[in-house]
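*Asks:*
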Amino acid sequence: MTDMPLYADAPLEVAAAPPAVTAGTINARLDRLPATRHIWIMVVLLSLGGWFEFYDLFFTAYVGPGLVKSGILAQTTGSFFGFSGLGAFIAATFAGLFIGTLAFGSLADRFGRRRIFTLSLLWYSAATIVVATQTTATGLNLWRLISGVGIGVQLVTIDSFLAELVPAHIRGRAFAFNQLVSYSVVPVVALLSWLLVPTTPFGYDGWRFVVLIGAAGAVAVWFIRIAVPESPRWLGQQGRLEEADRITSRIEAQVAADLGAPLPPPRPAVEPVPAPRPRFADIWTPEYRGRTIMMMVFNFFQTIGYYGFASWVPTLLVARGITVTHSLLYSFIIAIANPIGPLLAVPIADKIERKWVIVFGATGIAAFGLAFSQVDGMVPLICCGVGITLCSNIMSFGFHAYQPELFPTRVRAMAVGFVYSMSRLGAMFSGFLIAFALREFGTTGVFTLIVGCMAMVVLSIGGFGPRTRGMQLEAITH
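Going by the working numbering, the sequence shown wraps up at 478, each residue one higher than the last.
1. Quick one: measure Cβ to Cβ for I476 and T468, integer angstroms, because I've assumed they're closer than 8 Å.
2. Can you tell me whether Q472 is buried or exposed? The criterion is at least 16 other CB atoms within 10 Å of its CB, across all chains shown.
3. I'd like the ranges of any beta strand (DSSP E) spanning at least 3 consecutive residues and lying wholly in the stretch 184–216.
4. What is the DSSP secondary structure of I352, counted as helix, strand or coil?
5. Going straight from the alpha carbon of F429 to that of A435, what length do you get?
6. Apply the 10 Å Cβ neighbour rule to V216 and answer buried if 16 or more other Cβ atoms are within range, or exposed otherwise.
7. Can you tell me which of the three DSSP states F407 falls into?
8. With a threshold of 16 other CB atoms inside 10 Å of the CB of T25, please say whether the residue is buried or exposed.
9. Just to confirm, are A176 and A345 a CB contact at a threshold of 8 Å?
10. Any chance you could list the beta strand (DSSP E) runs of at least 3 consecutive residues sitting entirely within the stretch 229–297, in chain order?
11. Is M454 near I365, with beta carbons less than 8 Å apart?
12. Should W207 and L67 be called a contact, given that it needs their Cβ atoms to be closer than 8 Å?
13. With 16 other CB atoms within 10 Å as the buried threshold, where does D56 fall?
14. I believe N338 touches M422 by the beta-carbon criterion, under 8 Å. Please report the beta-carbon distance rounded to the nearest angstrom.
15. For the stretch 113–127 and the stretch 196–211, state whether three or more C-beta atom pairs, one from each stretch, are separated by less than 8 Å.
16. On a CA-only basis, which of N27, G369 and T136 is nearest I388? Give me that one, please.
17. Counting pairs of beta carbons, one from the stretch 406–421 and one from the stretch 103–110, are three or more of them closer than 8 Å?
18. Got a sec? Which residues, its chain only, sit under 6 Å from A95 by beta carbon, not counting five neighbours each side?
19. Beta carbon of L30, beta carbon of T248: below 8 Å?
20. When the Cα of A20 is compared with those of P264, G236 and L97, which residue comes out closest?
21. Taking the straight line between their C-alpha atoms, what separation do you get for E252 and L33?
22. Nearest-angstrom Cα distance between V357 and C384?
Written as structure tokens, this is what we have:
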């Protein structure tokens, strides 16, 4: 990637944008671009930022047995809101994500996708280092909440950033690939946890080393930010047309060089509604109110089902009578399936409506979840766990692509942050709900809860979701 252009912050000596340049023409120029090497390099780089974000998010499940073994946390507590238990650690993670997505998700609409992408990655990397040094439940949960704030902002920013940089005809594949890269981290976390959590390297608990490895994202971010430009769509919406035209021209030149031929003509431009600053009221206008409510319901319930398994799989295996070491081994085998779901989706991601991908994934989670609660033995448990994981990640790729498509550029990050915050609210309570269901009703109770949540996902998206496949963002959100 030595010929990769650098999108440094220093101004370029270029002519001013001609009067004909508008936000709509910028968007149309981006959407006509073929899927060449340069386009996919930008997708890869943004996905690498997501890789570190997912590492930080998913180690929550795999260090859980180590936190219990070290005596810092208990597996369950006598009271529903027991803050010395593993459920509280999971709740602290998602409380931070809730604050990040709800309170700070709009920062990318005000200050730009690229800047907030960088700052949020640095934020949670620094906080994660502090998490690894904690020796009490209070300190552990507090710093986990602080790191979760940065992860929440990053989740919103990457989805908005990616949706705006890639042309409409490959948006589904770009998100499927993004999820493929991001979820490839889960087997890495599981393997490191299997090797390190039961041990005490240099006299320190192994879970601390698993946590510290995730902070390496702070190093990678500086290389990523140089090679990824600001979103021209966002710049155009802000009225910064000269910058938007300059970056779009650079991208066009790189794509034309990759293609070895002239670029196709742009589609007719769809001009976005001008708005100098994002307004929360915009997502409650008649045009977007139904979408906002639909995605709030979807996000609240999908995350209880999704993280009800993903964040508890080693603990659920222990509850089935598997030892800590073997549960981490089984979890590692199940985790290998994480990138396979998005990989299977890449060839068909732009051929099937996103809403039906989400419905299919939710239905599969419910079916395999019920089977997991009933079977015994290593092979059946692993097979059901793999099935849940595949369906979870197919659903995840679908809604990460779908969510930013539903709202206009001027409030995309704010809207995604707000509706996505409902998932963090659900996940925050899921730690306590799953712990309660596990204690009172065993794994059957846990997966009965998950099935109910997936039924709400199917009803909300299947019944009320609009079509988005292959459409220009401005046409979807107009």
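Even glycine gets a Cβ: it sits at the ideal position worked out from N, Cα and C. All values reported here derive from a predicted model rather than from experimental measurement.
*Replies:* In terms of the structure at hand:
1. About 5 Å separates the beta carbon of I476 from that of T468, a gap short enough to meet the 8 Å contact definition.
2. Buried, since its Cβ has 16 or more Cβ neighbours within 10 Å.
3. For the stretch 184–216, not a single whole beta strand (DSSP E) run of length 3 or above is found.
4. Three-state result, I352: coil.
5. Answer to the nearest angstrom: the Cα atoms are 10 Å apart.
6. The amino acid at residue 216 is misidentified as Val; the sequence shows Ala. Classification for A216: exposed.
7. F407 falls in the coil class under three-state DSSP.
8. The residue in question, T25, is buried, as its Cβ has 16 or more Cβ neighbours within 10 Å.
9. In contact: A176 and A345 (Cβ atoms closer than 8 Å).
10. With a minimum length of 3 residues, there is no unbroken run of beta strand (DSSP E) contained wholly in the stretch 229–297.
11. Yes, these two residues count as a Cβ contact at 8 Å.
12. Cβ distance < 8 Å, so W207 and L67 count as in contact.
13. With 16 or more other CB atoms across the displayed protein chains lying within 10 angstroms of its CB, D56 is buried.
14. N338 to M422, Cβ: 24 Å. No contact.
15. In short, these stretches do not touch, since the Cβ pair count stays below three.
16. Nearest of N27, G369 and T136 to I388, Cα basis: G369.
17. Yes: at least three Cβ pairs fall under 8 Å.
18. Correct list, in chain order: L145 and M428.
19. Yes, they are a contact pair.
20. With distances taken between Cα atoms, A20 lies closest to G236.
21. Rounded to the nearest angstrom, the two C-alpha atoms are 7 Å apart.
22. In this structure, the CA atom of V357 is about 20 Å from the CA atom of C384.
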